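As structure tokens, the structure follows; a few thoughts come after it.
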Amino acid sequence: MTLPGMYPKIGGKIANNGPYGSVKDVFKLKVLSKDEIDVIKKYESALTATPASGLDTLRGRDPYRRSFNM
């Protein structure tokens, strides 16, 4: 599924400011402009919010692991 207008700018803002309890929490982000919120609202039904996994998504590693190579 592609969501035109979401990547990379809006998607990056959403990913870097999570986790979220619900999709509605995304609309509370102060880093989003009104135009960006309008784009997100177009795809709201396709979005989901999941609990934080503890995985450091920016670096692709688990911050609780003592050694990255384990």
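So for the sequence shown, the numbering used here puts the first residue at 13; every next one is plus one. Heads up, the beta-carbon is just placed ideally off N, CA and C, and yes, glycines get one too. Bear in mind the structure is a predicted one, so any value in this text is a computation, not a measurement.
Cβ neighbours of Leu-41 in the same chain (closer than 8 Å, five flanking residues each side left out): Reading the sequence shown from its first residue, position 29 is the one you call residue 41. Excluding five sequence positions before and after Leu-41, the CB atoms of its chain that fall closer than 8 Å to its own CB belong to Lys-25, Ile-26, Asn-29, given in chain order.
Inter-residue CB distance, Ala-61 and Gly-33 (contact presumed, cutoff 8 Å): Within the sequence shown, the letter at position 49 stands for residue 61. Within the sequence shown, the letter at position 21 stands for residue 33. Going by Cβ atoms, the distance from Ala-61 to Gly-33 rounds to 6 Å, so yes, they are a contact pair.
Element boundaries [alpha helix (DSSP H), containing Ala-27]: The sequence position of residue 27 within the sequence shown is 15, counting from 1. Per DSSP, Ala-27 belongs to the alpha helix (DSSP H) from 21 to 28.
Where Val-38 falls, given that 16 or more other Cβ within 10 Å makes a residue buried: Numbered from 1 along the sequence shown, position 26 holds the residue referred to as residue 38. Classification for Val-38: buried.
As assigned by DSSP and simplified to three states, the class of Lys-42: As a first step, residue 42 must be located in the sequence shown, where it is residue number 30. If DSSP states are grouped into helix, strand and coil, Lys-42 belongs with coil.
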